[in-house]
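Structure, as structure tokens:
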Amino acid sequence: MYSYGGTILRINLTDGSIYRHPTEEHLAQAFLGGRGLNVKRLWDELPAHTDGLSPENILVFGAGPLVGTLFPGGARFNVSAMSPQTGILGDSNAGGFFGPELKFAGYDQLIIQGRSDHPVYLWIKDDVVELRGARSLWGQDVWDTTLAIQQELGDPDIQVATIGQGAENGVRFAGVFVNLNRPAARTGMGTVMASKNLKAVAVRGTGLIPVADVTRFSEIIEQLDEAIYNHPEYEIRCRLGTTKLIKALDSIGGLPTRHFQSGRFKEADAVSGEAIEELYKIKSKACFACTIPCSRFLVVDDPRFPGLRLEGPEYEPLAGFTARVGNGDLALALKCIDLANRYGVDAIALSEVISWAMECYERGLLSREEADGLDLTWGNGETILALIHKVAHREGFGDFLADGVKRAAERLGKGSEEIAMHGKGLEVFQADVRSIKAYGLGNAVASRGADHLRSEPWFEFSNDPEEGIRRYGIPETAFRLEYKGKGLVVKHFEEMAAIADATGVCKNTYNNMEVLDWEGTAELLRAATGWDITGEEVQRIGERIVNLERLFIAREGITRQDDTLPKRFLEEPLPEGSGPSTGSVLELEPMLDEYYRARGWDVQSGLPKKEKLEELGLD
Amino acid sequence: MKRILVNEDVCSGCRACEVACVAWHDGRFGTATARIRVTKIEPLGVDHPHVCGLCRRAPCVAACPTEALYRDETTGAVLLRPDDCIGCSACVDACPFGMAALHPETGLALICDLCGGDPACVKRCATGAIVYDYAGARAREKREKQAVKLSEETLEQQRKNDV
């Protein structure tokens, strides 16, 4: 199979058995790989209502057909399972170098079943697969574990996907981390891994991946490189990566300031990507074979945090530990991000539980005594650091927060549920969706709970009504504060995001910079796989993945009622001082109607209709 | 004679050079047969591309017992006569830079051939960490940088004196 590793590897941790079978070409043609093939596996092999932390749950790593090629940013893998955080689809994605190494070892997917009776790690060297004892690694953080495994196996080029102490201690929003600083941290996939007593997956691959037509494939890659180099965002992405968004969102009133109480943050400049560049950046860093080095290596020279060095951060953790918690101290925020990475927990969820607690305190719903005597005033650095340690170790008040904001608010009660910023149990990202309506809809309908990376519908920033008419027949689609037509925009971008995740490429290029349309993707996949595939069929694969994910969460009881967001976004206008977004609310209901219609789903229930499923071969 | 010059300060560590090398020579994608290698020390943020030294008195050529290795007088690269290579790894042991290897599939010597004078790795480098240029081209760049820095320091001193 051209452009695939060719093999699926199954490991049963209960009895230590290892089994291989060829990657099924008919499934690859229907779902490509990565996220697409992962959800297919979960749908086929997980019984409904499987407990996320039970040995019956399966943990699936998948890397798609463009991973490990010269595709710029063809670096990504997905890790999927039933989520112990949300009780629905768990799925998270990361770049770095792990996905390509897995492909070079010959694998498109790892399926991990059962539970080991003692801590182990999985070591894959091409065809040789071995479970090794991990007692000495248990209790170590992401950095130490990664380096210890590379040292034990004697090869610094080994790629390691590991969990930190957060997952071991049962924090429900713990992730799987690669390359020290790169998280696949949404929906608690690290927590699942820990429940299986699996500390890490180490992989080294020395194989070469053939494509069907290497000349044509390379030509298309060269054109893509050119398109990226000439893109108007190229330079700023190389300098700042996604941290460019701090200032951009501040200017439109879209920051999550003090737990979404304002769209602007007075200290935005001081904690911006530009400030990081000026103060701490040593150089730009990139994922495997990427032409946009959007990551950065930082050396933070601050006497309070000796030896602080890290790669990144992305906008999400940066906004989380600055605007969201009301903190204007940049070095402190970077320390928080470093701790989240080392403990191996989701920085989005972590910043939400902390900022939620701060708002509860501000409103008198939570006392200082209940919070272990901590002063929960906005931006209190000592409190924020203390809470990170406490959550990761599930100590005291940290134990209360470590199950995520939905469960914490249910336990606290007193109306604190209304300000728990989540959708389907997953904490909302770092932007106020009252200022960006397609993102709001995308978060409400996302298959893994509130999240932007299921759609990333950048088009509403374009301010190009002509293009809005050309694409969707509706000029308003080009404006972020309008809601009309956003159902069509989200449908389109959800399918693009699904293709990005299923092929294993980065949404910065594929969704936000739109370097390939459906036909361009088909052309590349034809050269890669040798399949006779059209642009329309590529779009269909994206649609199939979105629909199957919908079926998966519908089986767990999700309907239209659950496709919603916190009341704050739907009913409270963005307060004064939120710049050009002041006064805005999210008009979710009409957007939902439009979205379900565009999807061919039932408008009342939000579930796919029989005809749609037949059309996609999912009946 | 041009060579591949390295500026590790701007290397992003993406390893595209390795993949481009493999794609050019093997027509497939991977890193195992790359003739350029990036050392990454992640906790320190270090990324360093290693390239063939194009040694004038090449130890690999001298060590080869079957004269399978020879110098291309146009590009200066060390080339291989595959039919004469016995895969003994004498060149691997002789290379002072650790930049000779044996191809994992063919078992024959694996040494940078500069792609015949238009290196694929350099073409794919996004950051300018590797460039194909004459020895000394970076030395000039370094001298200029140094000169600019010195003149800036002088100006700064003058400004201070003026105040």
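Taken in sequence, the protein lines are chains A and B. Using our numbering, the letters of the first sequence map in sequence onto residues 18 to 636. Using our numbering, the letters of the second sequence map in sequence onto residues 2 to 164. Glycine residues also receive a C-beta, built at the ideal position from the N, C-alpha and C atoms. Treat the numbers as computed from the prediction; the structure is a model and nothing was measured.
Chain D partners of residue i, CB-CB under 9 Å?
i: A:R93; result: Among the protein chains in the structure shown, which are A and B, there is no chain D.
Report the three-state DSSP secondary structure of residue i (helix, strand or coil).
i: A:N74; result: coil
i: A:L257; result: helix
i: A:A217; result: strand
i: A:M206; result: helix
i: B:S152; result: helix
i: B:V23; result: helix
i: B:S90; result: coil
i: A:Y527; result: helix
i: A:Y489; result: helix
i: A:R199; result: strand
i: A:N480; result: coil
i: A:K584; result: helix
i: A:Q126; result: strand
i: B:I5; result: strand
i: A:P334; result: helix
i: A:W475; result: helix
Alpha helix (DSSP H) containing residue i: first to last residue?
i: A:G552; result: 552-572
i: A:Y21; result: Run containing A:Y21: none; DSSP gives neither H nor E here.
i: A:Y456; result: 454-462
i: A:M375; result: 364-379
i: A:M99; result: Here A:M99 belongs to no alpha helix (DSSP H); instead the beta strand (DSSP E) covers 94-99.
i: A:N55; result: 51-62
i: A:I238; result: 231-246
i: A:S268; result: 262-269
i: A:F510; result: 503-520
i: A:H43; result: 42-48
i: B:P50; result: Unbroken run through B:P50 is the beta strand (DSSP E), 47-51; no alpha helix (DSSP H).
i: A:N358; result: 347-360
i: A:I293; result: 290-296
i: A:F417; result: 413-418
i: B:D119; result: Segment: none, B:D119 is in no alpha helix (DSSP H) and carries neither H nor E.
What do you reckon, is the C-beta of residue i under 7 Å from a heavy atom of the ligand MG?
i: A:R256; result: Because no ligand of any kind appears in the structure shown, any question about the ligand MG cannot be addressed here.
Kindly list the residues whose CB is nearer than 7 Å to the CB of residue i, restricted to its own chain and excluding five residues on each side of it in sequence; keep chain order.
i: A:H248; result: M530
i: A:K626; result: G617, W618, D619
i: A:T546; result: Y19, S20, P82, A229
i: A:A287; result: G345, L347
i: B:H104; result: T34, L111
i: B:V1; result: One cannot answer for residue 1 of chain B here, as it falls past the ends of chain B, which runs 2 to 164.
i: A:A111; result: R93, F94, V195, R199, P200, A201
i: A:N559; result: Reading the sequence as shown, one finds Gly at residue 559 of chain A and not Asn. Closer than 7 Å at Cβ, skipping near neighbours: E512, M513, A515, I516.
Over what stretch of residues does the beta strand (DSSP E) that includes residue i continue unbroken?
i: A:Q641; result: Limits of chain A in this structure are 18 at one end and 636 at the other, which puts residue 641 of chain A out of reach.
i: A:I401; result: No beta strand (DSSP E) holds A:I401; the alpha helix (DSSP H) holding it covers 398-410.
i: A:W140; result: 137-142
i: A:V445; result: A:V445 -> no beta strand (DSSP E), and no H or E assigned at all.
i: B:T40; result: 38-42
i: A:P39; result: 34-39
i: A:Q176; result: 176-179
i: B:Y71; result: 70-72
Which whole-angstrom value is the C-beta distance of residue i and residue j, which I expect to be below 8 Å?
i: A:F338; j: A:S289; result: Incorrect: roughly 13 Å between the Cβ atoms, too far for contact.
i: B:A24; j: A:V231; result: 7 Å
i: A:V220; j: A:Q176; result: 5 Å
i: B:A127; j: B:P50; result: So it is not a contact: roughly 13 Å between Cβ atoms.
Skipping 5 residues on each side, what residues in its chain have a beta carbon closer than 6 Å to that of residue i?
i: A:S372; result: H276, R341, V342
i: A:V84; result: G91, G116, P117, K120, G521
i: A:E147; result: W140
i: A:L542; result: I550
i: B:T76; result: L115, G118
i: A:E376; result: H276, I436
Tell me which same chain residues have a C-beta within less than 8 Å of the C-beta of residue i, skipping the five on either side of it?
i: B:A59; result: L70, R72, V79
i: A:L582; result: G440, V445, V450, G457, N460, A461, A467, L603, L605
i: A:P173; result: Q167
- Message: With three or more C-beta pairs closer than 8 Å as the rule, is the region 30-50 of chain B touching the region 219-232 of chain A?
- Response: yes
- Task: Decide if the region 104-124 of chain A is in contact with the region 250-266 of chain A; the criterion is three or more beta carbon pairs, one per stretch, under 8 Å apart.
- Result: The region 104-124 of chain A is not in contact with the region 250-266 of chain A.
- Message: Does the contact criterion of 3 or more C-beta pairs under 8 Å hold for the region 129-143 of chain A versus the region 19-37 of chain A?
- Response: yes
- Item | Contact the region 590-610 of chain A vs the region 444-451 of chain A: 3+ CB pairs below 8 Å | yes
- Message: Using 8 Å as the cut-off, can you tell me whether the region 422-440 of chain A makes contact with the region 481-501 of chain A, which would need three or more C-beta pairs spanning the two stretches below that distance?
- Response: no
- Task: Say whether the region 378-394 of chain A touches the region 356-364 of chain A, bearing in mind that this needs 3 or more beta-carbon pairs closer than 8 Å, one atom from each stretch.
- Result: Here the region 378-394 of chain A does not lie against the region 356-364 of chain A, with fewer than 3 beta-carbon pairs under 8 Å apart.
- Contact between the region 295-306 of chain A and the region 8-28 of chain B: three or more CB pairs below 8 Å? yes
- Query: Three or more beta-carbon pairs under 8 Å between the region 418-428 of chain A and the region 179-194 of chain A, yes or no?
  - Reply: yes
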